[in-house]
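Below: one structure, written as structure tokens.
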Amino acid sequence: MQAMLFGFSLGFSLILAIGAQNAFVLKQGLRDEHVLLVCLICALSDALLILIGVSGFHVLVASFPALVDIARIGGATFLFIYG
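Counted the way the numbering used here counts, the sequence shown spans residues 1 to 83.
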């Protein structure tokens, strides 16, 4: 029960924050352009990313130690480019 509550509150806090994806969805909604398609794509991509994270992606990374370095360098590069 505690894990479910933690997961729910974490998910809610991520949805509540206005990030780039939520701003894009709001913009498309206000313009009334492809609202259903945009919402569907965003919801499915979020669900896929959550599923990958929850289903044990760490096992793959633990099995191949080089992936940790690749992920670290990729993440640092992403953060450097986008500020």
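Glycine included, C-beta positions come from ideal geometry on N, C-alpha and C.
What you are looking at is a predicted structure, and each value in this text was computed from that prediction instead of being measured.
Quiz item: Is it true that the CB of C42 sits closer than 7 Å to the CB of V25?
Solution: It is a contact, given that the beta carbons lie within the stated cut-off.
Quiz prompt | Q21 versus V35: straight-line alpha-carbon distance, rounded | solution = Cα to Cα, Q21 sits roughly 13 Å from V35.
Quiz item: According to DSSP, is F78 helix, strand or coil?
Solution: helix
Self-check item: Identity of the residue in S63, V54, L37, A47 nearest I15 by Cα
Solution: Of the candidates S63, V54, L37, A47, the residue whose Cα lies closest to the Cα of I15 is A47.
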